[in-house]
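Q: One structure, pasted below without further comment.
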Amino acid sequence: ALKITDECICCDVCVLECPNDAISLGEEIYEIDPDRCTECVGHYETSQCVEVCPVDAIIPDPDIREDRENLQRKYLRLQQE
Ligand code: SF4
Ligand code: SF4
1 ALKITDECIC
11 CDVCVLECPN
21 DAISLGEEIY
31 EIDPDRCTEC
41 VGHYETSQCV
51 EVCPVDAIIP
61 DPDIREDREN
71 LQRKYLRLQQ
81 E
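Our numbering puts the first residue of the sequence shown at 1, with every later residue one more than the last.
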């Protein structure tokens with residue numbers, strides 16, 4: 001999963017780009033729900049939120065490292081909803 005750092009300027013642009021509805025406004029800045037972030041696996045070749053963030057505030061979460069297989073499984077689970 002990816003995470004949003006405190007560089008976030010709350011511009012709102014990434015929210016609409018996320019195919020998994022994983023991004024929402026937290027207490028101060030935007031947050032990514034790691035249970036919903038597939039790093040865009042299953043939808044796009046690249047992470048859409050990273051592509052649009054104007055201040056490069058979105059990075060791989062060092063605490064939640066997942067390989068492509070895990071991300072693909074998460075994608076399939078989300079499709080069941
Ligand atoms: Fe959503 Fe993709 Fe960004 Fe994860 S990487 S938060 S799935 S847009
Ligand atoms: Fe924050 Fe970047 Fe998302 Fe804008 S695009 S809300 S700056 S993380």
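For every residue, glycine included, the Cβ atom is placed at its ideal position computed from N, Cα and C.
Please classify Ser24: is it buried, with 16 or more other beta-carbons within 10 angstroms of its beta-carbon, or exposed?
A: Ser24 comes out exposed.
Q: Between which two residues does the alpha helix (DSSP H) carrying Glu45 extend?
A: No alpha helix (DSSP H) contains Glu45, which DSSP labels as neither H nor E.
Q: Would you say the beta carbon of Ala57 is closer than 7 Å to some non-hydrogen atom of ligand 2?
A: Yes, the beta carbon of Ala57 sits closer than 7 Å to at least one heavy atom of ligand 2.
Q: Which residues in the same chain have their Cβ closer than 8 Å to the Cβ of Tyr44, if we skip the five residues on either side of it in sequence?
A: Taken in chain order, the residues that qualify are Pro19.
Q: Roughly how many angstroms lie between the CA atoms of Val15 and Ala22, to the nearest whole one?
A: For Val15 and Ala22, the distance between alpha carbons rounds to 8 Å.
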